[in-house]
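Below you'll find the structure, written out as C-alpha cells, and then a few comments.
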Amino acid sequence: MVTLTITIKAHPDKRKELLNTCRLISDQTREEEGCMDCRISKDIDDENFIKLEETWEWRSQLDDHLCSDRFSALIGAIKLLGKSHEVRLGEGSPAEGKQAIEDARLKGVMKKE
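Heads up, my numbering is the position in the sequence shown plus 16, with the first residue counted as 1.
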C-alpha cells in the first residue's frame, strides 16, 4: 500500500474553484483500479490549505495514475489556482514526492513510445 499526499495553498479568491476541481477529479480517481481511498480535507485554521490524500494498493497503479490525463489536469489546476503545493509519497520528503512524479511520468512516456 502506498499513499500520495498533496498539500495545496490556494489563492484565496480561487479556493472554491480549486476545491471543486479537486472534488471532481478525486471522485473519478476513486474509480481507478487500485485506488483504495481518495480524500480531500481543508485546514480548520486556514481554509486556503487543501489536502488531497490518495491510497493505492500497489506502487505500479499509483505510477499509472501519475501518468494519466486526470492527474495532469489536477496538477494544471493546482498550478493555475494555487499559490504553492507540496507532494509527498508515503513518509518521504516533498523533494522525493516531486521526483517520484517526474520518474513515473518519464517512465509512462517511455512505455508509450
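We treat Cβ as the ideally placed atom computed from N, Cα and C, and that holds for glycine.
- Taking C-beta atoms as the reference points, L20 and L97 fail to come closer than 8 Å.
- L105 is bridged by DSSP to L20.
- A Cβ-Cβ distance of about 22 Å is found for the pair Q77 and E102, leaving them out of contact under the 8 Å criterion.
- A straight line joining the alpha-carbon of G106 with that of A93 spans about 23 Å.
- Residues C54 of the same chain have their beta carbon placed closer than 7 Å to that of R46, with the five preceding and five following residues left out of the count.
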